[in-house]
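Please read the structure below before turning to the comments.
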Amino acid sequence: MAETAAYAPLPTTSAASVSAANTAIRLRVLGLILLAFSAILIIGIAAIRINGGDDVSPEIGQVPNGPELEGEAYTIVLGPASRGPVLGVSEKNSGAAAALHGVGRGSYPWTNDMLQWQRTGFHFQPLRNWMNDPNGPVFYKGWYHLFYQYNGGGAVWGNITWGHAVSRDLTHWLHLPVAMVPDHWYDINGVWTGSATVLPNGNLIMLYTGSTNTTTQVQCLVVPTNPADPLLIHWHKHEANPVLIPPPSILPHDFRDPTTAWTDPSDPSTFLVAIGSKDDSSNRHAGVAYVYATRDFLSYKLLPDVLHRVEGTGMWECIDFFPVSVDGQAGLDTSEKAGERIKHILKASLDDDRHDYYAIGRYDANENKWVPDDAEKDVGIGLRYDWGKFYAAKTFYDHHKRRRVLWGWVGETDSEQTDVSKGWASIMSIPRTILFDSKTGSNLLFWPVEEVNFLRAKSYEFSSIDVLPGSVVPLNMPANAAQIDIEAEFEVEKMAITMAVEADVGYNCSTSNGASGRGLLGPFGLLVLADKDLSEQTATYFYLSVSVDGTTQTHFCQDETRSSRASDIVKRVVGYTVPVLHGEMLTVRILVDHSIVESFAQGGRSAITSRVYPTKAFHSAKVFLFNNATAASVTAKSIKIWEMESTFKQNYEEHAYQFS
288 MAETAAYAPL
298 PTTSAASVSA
308 ANTAIRLRVL
318 GLILLAFSAI
328 LIIGIAAIRI
338 NGGDDVSPEI
348 GQVPNGPELE
358 GEAYTIVLGP
368 ASRGPVLGVS
378 EKNSGAAAAL
388 HGVGRGSYPW
398 TNDMLQWQRT
408 GFHFQPLRNW
418 MNDPNGPVFY
428 KGWYHLFYQY
438 NGGGAVWGNI
448 TWGHAVSRDL
458 THWLHLPVAM
468 VPDHWYDING
478 VWTGSATVLP
488 NGNLIMLYTG
498 STNTTTQVQC
508 LVVPTNPADP
518 LLIHWHKHEA
528 NPVLIPPPSI
538 LPHDFRDPTT
548 AWTDPSDPST
558 FLVAIGSKDD
568 SSNRHAGVAY
578 VYATRDFLSY
588 KLLPDVLHRV
598 EGTGMWECID
608 FFPVSVDGQA
618 GLDTSEKAGE
628 RIKHILKASL
638 DDDRHDYYAI
648 GRYDANENKW
658 VPDDAEKDVG
668 IGLRYDWGKF
678 YAAKTFYDHH
688 KRRRVLWGWV
698 GETDSEQTDV
708 SKGWASIMSI
718 PRTILFDSKT
728 GSNLLFWPVE
738 EVNFLRAKSY
748 EFSSIDVLPG
758 SVVPLNMPAN
768 AAQIDIEAEF
778 EVEKMAITMA
788 VEADVGYNCS
798 TSNGASGRGL
808 LGPFGLLVLA
818 DKDLSEQTAT
828 YFYLSVSVDG
838 TTQTHFCQDE
848 TRSSRASDIV
858 KRVVGYTVPV
868 LHGEMLTVRI
878 LVDHSIVESF
888 AQGGRSAITS
898 RVYPTKAFHS
908 AKVFLFNNAT
918 AASVTAKSIK
928 IWEMESTFKQ
938 NYEEHAYQFS
């Protein structure tokens with residue numbers, strides 16, 4: 288049965304008319320609230336003085352809406368509900384809650400049309416409700432399985448179970464019944480994140496973190512009830528659970544998210560599993576990866592010392608550890624032995640800043656040590672999987688196509704109130720392959736899986752378009768450009784680069800003026816999800832800086848600040864530098880799918896994901912080239928744009944899937 292989405296009844300009239308019609312009512316209500324608040328405040332002050340307490344008056348800051356912002360300004364925001372930390376996991380509240388708390392901006396008057404438009408066409412998301420971390424992705428008996436943290440009871444975090452879906456091609460999905468629920472003392476407060484391991488004999492096991500009745504984090508074993516079932520509908524929690532408890536040196540809330548197991552190179556009958564934690568002793572605030580050895584996944588031995596630690600990085604969640612070939616030709620099984628032509632990736636999701644960091648290094652299993660190639664690019668202080676909204680990522684080795692595939696959780700950046708209104712929250716990134724960049728030797732390459740290309744439909748091609756300084760060029764497409772795939776190549780005027788001396792050496796995407804700023808050699812690129820007047824736009828762009836010695840550095844950025852007129856969402860400029868080798872053109876691929884924009888520069892050396900919520904461009908999205916440089920012309924050598932087909936997502940019906 289095909290999916291349909293359900294939404295809470297909302298106004299179907301325009302946002303502006305709704306706002307105007309309610310203004311008088313809001314003002315009267317606000318007056319009554321302020322009158323009541325004043326009375327309570329007087330009583331409260333008197334009570335404080337009677338009890339001899341400190342007279343502390345909080346500062347109330349209100350920031351007026353800018354000219355491009357709309358919403359209910361100066362409404363009283365009582366504060367975001369914290370979701371997650373009280374149970375020992377990272378904050379799961381909407382991205383907008385903390386960022387906008389106290390700013391004084393109210394909820395935008397979204398309409399049904401706007402909210403329904405935000406659902407994606409070719410990204411994975413459940414039919415409704417809340418989703419976060421990808422769990423235990425695996426290829427098993429011809430099917431790709433994706434499990435995920437899921438609240439079947441609402442669009443906010445809580446009541447977490449394991450959602451489950453399967454696919455033949457990583458794009459079209461069949462939603463299955465929930466795989467796991469919190470129903471034992473050792474996981475009654477949460478069936479948290481876990482990983483799948485396919486054993487040498489073909490059997491499948493899953494390790495996951497349970498939160499006990501005292502909220503202690505323990506590791507648990509679950510196996511398929513019927514291993515012959517390719518859909519893995521039913522699961523059995525082992526009687527020995529919990530199979531692993533925190534050692535005395537680790538706090539009860541700092542022991543979670545076991546990795547996929549790999550075989551011990553010196554003993555193929557022994558498996559190794561890494562678990563993330565932190566060390567706050569002596570003010571280190573270090574992120575730590577511990578490794579355990581096991582033969583049966585029931586009894587474990589903690590190996591001496593730690594696999595790796597980095598001071599100042601805090602709790603390491605959802606760690607991942609896997610080999611890559613320096614030839615950059617194919618993915619490797621997690622148990623591939625270390626060698627001269629093999630390096631190992633250590634990745635951690637940092638609870639402190641909610642970003643996924645990775646580093647490339649060498650693994651010595653005999654010493655239980657991993658050492659980064661470049662200490663200045665260690666885990667948590669260097670490279671990221673993605674420079675935008677992307678967290679709790681998990682990879683798996685797809686032996687069917689000899690590739691490593693990456694999933695990432697892409698949360699919302701609107702308000703929790705809006706998520707409740709639309710009935711869902713969060714999507715998964717496009718699944719991406721991971722390869723070592725053999726050309727630079729210093730980074731990974733992230734690229735949409737090849738199956739995404741099969742969704743391409745009607746195409747539009749443009750070539751050799753000169754974009755002069757300070758100009759914007761529309762790319763004429765008859766279709767609504769809300770669900771598209773773009774590949775573009777740019778060339779900057781060589782004379783302008785040669786003549787530039789010490790140009791914008793200190794440029795930083797996040798602290799810049801974004802696409803509206805102007806420098807000698809940037810910004811320039813593409814505007815997507817734009818309305819015809821450019822009052823709304825999401826910019827993906829390059830910006831070149833030149834040092835005194837003539838060295839050029841290329842910045843790859845995404846500007847969300849003009850993506851929507853709504854004020855109750857988080858809008859930032861994000862990005863970082865991207866390696867560009869001599870003779871290479873600047874290349875970018877952009878996947879636009881309604882409320883998500885995923886961009887990849889230089890063949891995947893850098894990736895940026897944004898959530899955006901247009902209020903004008905949502906039914907008539909357009910694409911533009913732009914060049915805001917002051918001293919350089921840019922040529923779009925080649926631009927290809929494809930309309931993208933939507934992928935069906937079906938619910939499981941038992942009678943339709945029978946396997947012997």
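Numbering-wise (our numbering), the sequence shown opens with residue 288 and increments by one. Each residue gets a CB set at the ideal place from its N, CA and C atoms; glycine is no exception. All figures in this text were calculated on a predicted structure; none of them were measured in a lab.
Relative to the C-alpha of residue i, which candidate in the options has its C-alpha closest?
i, options, result
"residue 815", "828, 807, 806, 808", "828"
"residue 788", "631, 840, 687, 696", "840"
"residue 919", "879, 782, 791", "782"
"residue 535", "498, 547, 589", "589"
"residue 722", "895, 632, 757", "632"
"residue 862", "673, 549, 786", "673"
"residue 833", "786, 378, 897, 463", "786"
"residue 644", "574, 408, 615, 406", "574"
"residue 380", "522, 705, 515", "705"
"residue 890", "410, 614, 776", "776"
"residue 446", "428, 454, 478", "478"
"residue 548", "515, 397, 582, 564", "582"
"residue 546", "515, 462, 769, 578", "578"
"residue 875", "693, 895, 859", "895"
"residue 826", "886, 835, 793", "886"
"residue 658", "880, 523, 596, 482", "596"
"residue 670", "648, 653, 686", "648"
"residue 528", "586, 940, 419, 448", "586"
Looking at residue i: is its Cβ nearer than 8 Å to the Cβ of residue j?
i, j, result
"residue 604", "residue 636", "yes"
"residue 602", "residue 412", "no"
"residue 421", "residue 696", "yes"
"residue 512", "residue 374", "no"
"residue 773", "residue 742", "no"
"residue 735", "residue 519", "no"
"residue 566", "residue 559", "no"
"residue 713", "residue 698", "yes"
"residue 496", "residue 484", "no"
Look at the alpha carbon of residue i and the alpha carbon of residue j, and state the distance between them as a whole number of angstroms.
i, j, result
"residue 609", "residue 800", "38 Å"
"residue 623", "residue 562", "19 Å"
"residue 824", "residue 708", "24 Å"
"residue 439", "residue 838", "53 Å"
"residue 930", "residue 938", "26 Å"
"residue 460", "residue 517", "14 Å"
"residue 871", "residue 761", "26 Å"
"residue 456", "residue 431", "7 Å"
"residue 935", "residue 433", "16 Å"
"residue 499", "residue 555", "33 Å"
"residue 927", "residue 756", "23 Å"
"residue 400", "residue 619", "45 Å"
"residue 914", "residue 821", "14 Å"
"residue 932", "residue 710", "24 Å"
"residue 846", "residue 507", "42 Å"
"residue 953", "residue 790", "A question about residue 953 goes unanswered here, because the residues of the chain that appear run from 288 up to 947."
"residue 807", "residue 740", "36 Å"
"residue 860", "residue 811", "14 Å"
"residue 614", "residue 628", "7 Å"
"residue 370", "residue 377", "8 Å"
Let's see if you can read the secondary structure: which residues bound the alpha helix (DSSP H) around residue i?
i, result
"residue 789", "Unbroken run through residue 789: none, as it is neither H nor E."
"residue 402", "399-404"
"residue 707", "703-709"
Residue i lies in the beta strand (DSSP E); which residues open and close that run?
i, result
"residue 816", "811-817"
"residue 421", "416-427"
"residue 265", "Here the chain comprises residues numbered 288 to 947, so residue 265 is not present and cannot be evaluated."
"residue 631", "629-637"
"residue 764", "Element bounds for residue 764: n/a, residue is neither H nor E."
"residue 549", "549-551"
"residue 954", "Because residue 954 is not part of the residues shown, which for the chain are 288 to 947, the question remains open."
"residue 877", "873-880"
"residue 844", "839-846"
With a threshold of 8 Å between beta-carbons, can residue i be considered close to chain B, or not?
i, result
"residue 827", "Absent from the structure is chain B; it holds one protein chain and no more."
Complete beta strand (DSSP E) runs within the region 558-609 (minimum length 3 residues, chain order): 573-581, 595-597
Ordered list of alpha helix (DSSP H) runs contained in the region 674-742, each at least 4 residues: 703-709
Inside the region 482-544 only - beta strand (DSSP E) runs reaching at least 3 residues: 491-498, 504-511, 522-524
Every unbroken beta strand (DSSP E) within the region 897-929, with a cutoff of 3 residues, ordered by chain: 909-914
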